[in-house]
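Accompanying notes for the structure given below.
Residue numbers (my numbering): 20 to 344.
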């Protein structure tokens, strides 16, 4: 009887040892869940609700820390009112010096993307974070709001974030003149451009950038009820000439303190104040460009105005060799 008991005990011990050995060889599910793809963060980061790339689950404590810190970032914050999502996943991880990692995460609804600087795989401690892509739209009644942020990685590794907001009110029922007289009632927008590097401490650090592209522009101005004779004819020809030479132009008769210039593909806009250059004239042209002192010329002879535009912007080498008037 004792021999049978001994054999039974021996079998139990063998089964226990085999079970422990097999359990040790099985991979941990939680490790598999957080085995993120290693990749270089894309040069352009944008987001769209139609995206369908795989999102890898975020460790619970790290997700809690991210949600708690998500609004603690530098720069301009969201203009639109929006509910911040609580479900997120990891797209990829880029290795950084000193064992740190740069993690690109996206909301489950695909409306947001963030970059997280972490202390390294295994610790998942967030050193800093920055929203780098937003794609939001909301319509309420006659008003449509959109907000889109896109990030462009620079050759030196910096991240340039372009934040665009647009507010549009339906013009249904409004006359063309009402829209002209009060444009901000129907359309408002702004664009902010920011640039950041990741410093030695693993934090995003803002750096100054020159956001103003090289541009040339002509603003045609006249008092509201005092449009001069031949204005329409001459200005139309001059505007065509400007367009041929990639010169921006705008025609205004009020609100000289907030003239908005757009380039031809609407990717650039600039608000400027021409009031200091119009005080002595009822109608005329203000010429301006990046790095150039604005110049005002009175409205008058067509060939004269065209010649001054040529000289100011150095469009004609022969003309530009003579002293400017």
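All residues carry an ideal CB built from backbone N, CA and C; glycine is no exception.
As the structure is a prediction and not an experimental result, all values here were calculated from the model.
Just tell me which of the options has its CA closest to the CA of residue i.
{"i": "residue 99", "options": "287, 92, 133, 153", "result": "153"}
{"i": "residue 190", "options": "205, 285, 58, 136", "result": "205"}
{"i": "residue 180", "options": "162, 78, 212", "result": "212"}
{"i": "residue 236", "options": "265, 171, 97", "result": "265"}
{"i": "residue 171", "options": "272, 196, 216", "result": "216"}
{"i": "residue 135", "options": "157, 169, 92, 155", "result": "92"}
{"i": "residue 271", "options": "249, 282, 297", "result": "297"}
{"i": "residue 84", "options": "65, 94, 143, 185", "result": "143"}
{"i": "residue 155", "options": "81, 66, 174", "result": "66"}
{"i": "residue 220", "options": "312, 146, 106, 316", "result": "146"}
{"i": "residue 322", "options": "283, 312, 81, 252", "result": "252"}
Would you mind giving the Cβ-Cβ distance between residue i and residue j, rounded to the nearest angstrom? I have them listed as a contact below 8 Å.
{"i": "residue 324", "j": "residue 257", "result": "6 Å"}
{"i": "residue 118", "j": "residue 74", "result": "Rounded, the Cβ-Cβ distance is 25 Å, inconsistent with contact."}
{"i": "residue 331", "j": "residue 309", "result": "Incorrect: roughly 13 Å between the Cβ atoms, too far for contact."}
{"i": "residue 115", "j": "residue 72", "result": "At roughly 22 Å, the Cβ-Cβ gap does not stay under 8 Å, so residue 115 and residue 72 are not in contact."}
{"i": "residue 210", "j": "residue 182", "result": "7 Å"}
{"i": "residue 162", "j": "residue 188", "result": "5 Å"}
{"i": "residue 60", "j": "residue 121", "result": "6 Å"}
{"i": "residue 68", "j": "residue 129", "result": "5 Å"}
{"i": "residue 169", "j": "residue 80", "result": "Their Cβ separation, rounded to whole angstroms, is 31 Å, which puts residue 169 and residue 80 out of contact at 8 Å."}
Tell me which residues share the same chain as residue i and place their Cβ nearer than 6 Å to its Cβ, disregarding the 5 neighbours each side in the sequence.
{"i": "residue 302", "result": "241, 247, 318"}
{"i": "residue 133", "result": "124, 148, 150"}
{"i": "residue 238", "result": "269, 278, 293, 305"}
{"i": "residue 54", "result": "none"}
{"i": "residue 104", "result": "126, 128"}
Can you name, in chain order, every residue of its own chain whose Cβ lies under 8 Å from the Cβ of residue i, other than the five neighbours on each side?
{"i": "residue 335", "result": "329"}
{"i": "residue 275", "result": "240, 292, 293, 294, 297"}
{"i": "residue 287", "result": "232, 234, 281"}
Which residues bound the alpha helix (DSSP H) around residue i?
{"i": "residue 226", "result": "Per DSSP, residue 226 belongs to no alpha helix (DSSP H) and is neither H nor E."}
{"i": "residue 307", "result": "Run containing residue 307: none in the alpha helix (DSSP H); it sits in the beta strand (DSSP E), 302-308."}
{"i": "residue 157", "result": "Segment 145-159 is the beta strand (DSSP E) holding residue 157; no alpha helix (DSSP H) there."}
{"i": "residue 321", "result": "321-331"}
Could you please give the first and the last residue of the uninterrupted beta strand (DSSP E) stretch that includes residue i?
{"i": "residue 80", "result": "Careful: residue 80 lies outside any beta strand (DSSP E), inside the alpha helix (DSSP H) at 79-88."}
{"i": "residue 122", "result": "120-126"}
Practice problem: Give, in chain order, every unbroken run of the beta strand (DSSP E) that is at least 3 residues long and sits entirely within the stretch 226-270. | Solution: 235-241
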